[in-house]
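For the record, the sequence lines run as chains A and B.
Our numbering runs 17 ahead of the 1-based position in the first sequence.
Our numbering runs 17 ahead of the 1-based position in the second sequence.
Number of protein chains: 2
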Amino acid sequence: MPDAFNLHPRLAADTEPVTRLALCRVLLMKDARVPWLILVPERADVTELHRLAPVEQALLMEEIAAASRVLERLYRPDKLNVGALGNQVPQLHVHVIGRYRSDAAWPGPIWGSGPAVPYAEDALQPELERLRAAFAGG
Amino acid sequence: MPDAFNLHPRLAADTEPVTRLALCRVLLMKDARVPWLILVPERADVTELHRLAPVEQALLMEEIAAASRVLERLYRPDKLNVGALGNQVPQLHVHVIGRYRSDAAWPGPIWGSGPAVPYAEDALQPELERLRAAFAGG
């Protein structure tokens, strides 16, 4: 029997849940500097993209594309950054981030570029609702 | 007629060609700190993953997996980092990088983490030959 899937505690602490797709949980990073989604394939103990089954790899790419379309539609970023690093959190997860020529880390990567800026208390729930509606709209 | 594909001059300057796969050119970053491949889909004027045709997206994922397996086999990294950023070079390209707990940038991203260290003059060609043999071996 495969091991049960549990979200890594650090991912759980740094994000809010948005929705679930066929393969991945979609999370919103609690960092208001940029629109920042994280996709976590619901597969226990997988740490590298290429260790997913081939059909899951293809599905992950489709879900990365879906998340990219949602970010473009809602936030009109200048560029998308997509990355699977996992140097600090071993559970496989893929960042899909909207970047702006005006953001604090541009043109460098946002990872490791300074502390997260929390969403205003009354801004987080509406943001999650917008994202859920956009994912539900396909 | 689609525009002709040309490698971006900055990618050409920073890398050596390794091989060509069905979709991508495979390049070796001239940075001896870590084993660092770049995959460039041979599609002119595409800047975002999700703007590739769906069949090309799936192929790109297969080629990322192939590059990951080559790096694991030859270099035994502790972790792979995969990323499509493009904040500085707009032409779509995907980094597939072997990382080590002992490398200079760990656990941060290697992008933007300091200057490249050139390969020794007599080390680059043998490295390219090893990589070509590994890709040819599947």
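Glycine residues also receive a C-beta, built at the ideal position from the N, C-alpha and C atoms.
Beta-carbon gap between residue i and residue j smaller than 8 Å
i, j, result
"T64 of chain A", "L109 of chain A", "yes"
"I55 of chain B", "L69 of chain B", "no"
"I114 of chain A", "V51 of chain A", "yes"
"Y136 of chain A", "E144 of chain A", "yes"
"L66 of chain B", "A151 of chain B", "no"
"M46 of chain B", "M78 of chain A", "no"
"R80 of chain B", "L24 of chain B", "Per the sequence presented here, residue 80 of chain B reads as Glu, with Arg not at that position. No; because the gap between Cβ atoms is not below 8 Å, this pair is not in contact."
"L148 of chain A", "V87 of chain A", "yes"
"G100 of chain B", "G100 of chain A", "yes"
Environment of residue i [buried if 16+ CB atoms lie within 10 Å]
i, result
"D20 of chain A", "exposed"
"G154 of chain B", "exposed"
"D139 of chain A", "exposed"
"V134 of chain A", "exposed"
"G131 of chain A", "exposed"
"P126 of chain A", "buried"
"S119 of chain A", "exposed"
"R42 of chain B", "buried"
"A29 of chain A", "exposed"
"R116 of chain A", "buried"
"A121 of chain B", "exposed"
"A61 of chain A", "exposed"
Per DSSP, cross-strand counterpart(s) of residue i
i, result
"R116 of chain B", "B:K96"
"L56 of chain B", "B:V43 and B:V111"
"A101 of chain B", "A:V99"
- Message: Using a Cβ distance threshold of 8 Å, determine whether the region 27 to 36 of chain B contacts the region 68 to 75 of chain B, with at least three qualifying pairs required.
- Response: no
- Message: So, does the region 93 to 105 of chain B touch the region 101 to 108 of chain A, judging by three or more C-beta pairs under 8 Å?
- Response: In short, these stretches touch, since the Cβ pair count reaches three.
- Query: Which full runs of the beta strand (DSSP E) of 3+ residues lie inside the region 26 to 52 of chain B, going along the chain?
  - Reply: 32 to 37 and 41 to 46
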